[in-house]
Amino acid sequence: DSGVTQTPKHLITATGQRVTLRCSPRSGDLSVYWYQQSLDQGLQFLIQYYNGEERAKGNILERFSAQQFPDLHSELNLSSLELGDSALYFCASSGRTGSNSPLHFGNGTRLTVT
Amino acid sequence: QQQVKQSPQSLIVQKGGIPIINCAYENTAFDYFPWYQQFPGKGPALLIAIRPDVSEKKEGRFTISFNKSAKQFSLHIMDSQPGDSATYFCAASKDNNNDMRFGAGTRLTVKP
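Protein chains in written order, with this note's numbering: chain E, 352 to 465; chain X, 8 to 119.
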């Protein structure tokens with residue numbers, strides 16, 4: 352068990368809808384990362400937060416947004432959903448940015464857009 | 008833009024064989040190169056990692072070879088076992104974890 356909790360495990364929704372994915376990092380970890388995993392693209396980095404502030408941004412669509420709250424949990428909001436957004440969404444956490452702390456991944460949220 | 012290229016996409020070996028997975032990166036600012044192992048239904052888990060100041064690192068049956076001039080690194084699994092069957096991802100980042108980029112993954116199957 353990595354200590355990173357993601358909810359929900361599965362999500363089925365229709366095109367055009369909006370969903371929120373939640374991540375609770377390991378106790379004490381300040382950094383949270385979001386990744387999208389689809390069959391043909393591997394793990395795509397979306398965005399990173401450190402202690403509530405955005406630290407790095409990857410290939411995140413404008414329809415997607417995220418935030419990290421004062422209690423360090425994070426939410427990834429996906430709106431105007433398209434069929435191509437169907438994927439596994441992983442959250443990871445680490446201790447401190449720039450340290451030797453490895454990424455610890457949750458078990459992901461599987462999003463299916465119909 | 009794929010900053011880390013991984014090959015092969017899939018690999019099948021017999022038990023006891025030595026599968027080798029290769030990765031190449033583009034950004035010379037990367038200074039941390041981990042490998043992650045992912046089993047079905049689970050998130051990736053750190054397996055082993057290397058920094059560019061060494062050319063090789065071993066942890067148990069897993070070895071990373073690193074070639075800084077060629078911007079390539081590879082994972083070798085000695086005496087592979089069926090339990091090693093999983094998807095392996097190489098990755099690269101600056102300052103350990105900032106903006107970590109992953110390869111596309113290699114699905115390894117070790118046959119008994």
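Just so it is clear, CB atoms sit at the ideal spot from N, CA and C, and this is done for glycine as well.
**Item:** Among E:Thr463, E:Phe456 and E:Thr465, the one whose alpha carbon lies nearest that of tyrosine 386 (chain E)
**Value:** Of E:Thr463, E:Phe456 and E:Thr465, the residue nearest in Cα terms is E:Phe456.
**Asked** Are the segment 24 to 38 of chain X and the segment 72 to 91 of chain X touching by the rule of at least three beta carbon pairs closer than 8 Å?
**Response** Verdict: yes, contact present.
**Message:** Tell me the DSSP secondary structure of proline 41 (chain X) in three-state form.
**Reply:** Taken through DSSP and simplified to helix, strand or coil, proline 41 (chain X) comes out as strand.
**Item:** Where aspartate 106 (chain X) sits in the DSSP three-state scheme
**Value:** Correct three-state label for aspartate 106 (chain X): strand.
**Message:** Less than 6 Å between C-beta atoms, sequence neighbours within five positions excluded: which residues of the same chain meet that for serine 72 (chain X)?
**Reply:** Non-local beta-carbon contacts of serine 72 (chain X) in its own chain, meaning distances under 6 Å to residues more than five positions away in sequence, involve Glu63 and Ser81 in chain order.
**Request:** Taking lysine 360 (chain E) and threonine 463 (chain E) to be in contact with their CB atoms under 8 Å, please state how far apart those CB atoms are, rounded to whole angstroms.
**Result:** Not confirmed; about 12 Å, so no contact.
**Prompt:** Regarding glutamine 418 (chain E) and the ligand COA, is the C-beta to nearest heavy atom distance less than 7 Å?
**Reply:** The ligand content of the structure shown is nil, which means the ligand COA is not present either.
**Request:** Can you say whether threonine 132 (chain X) is buried or exposed, counting buried as having 16 or more other CB atoms within 10 angstroms of its CB?
**Result:** The requested residue 132 (chain X) does not occur in the structure, where chain X is confined to residues 8 to 119.
**Prompt:** Mind checking if glycine 409 (chain E) is an interface residue toward chain X, Cβ cutoff 8 Å exclusive?
**Reply:** For glycine 409 (chain E), a Cβ of chain X is located within less than 8 Å of the residue's own Cβ.
**Prompt:** Taking the beta strand (DSSP E) that threonine 70 (chain X) falls in, what are its first and last residues?
**Reply:** Start and end: 69 to 74.
**Item:** Residues bridged to serine 431 (chain E) (per DSSP)
**Value:** For serine 431 (chain E), DSSP assigns no beta-bridge partner whatsoever.
**Request:** Determine the chain X residues that contact glutamine 418 (chain E) at a beta-carbon separation under 7 Å, and present them in chain order.
**Result:** Ordered by position in chain X, no residue passes the 7 Å Cβ test against glutamine 418 (chain E), which lies about 18 Å from the chain.
**Message:** I need the DSSP call for glycine 90 (chain X), collapsed to helix, strand or coil.
**Reply:** The answer is helix: DSSP assigns glycine 90 (chain X) an H, G or I state.
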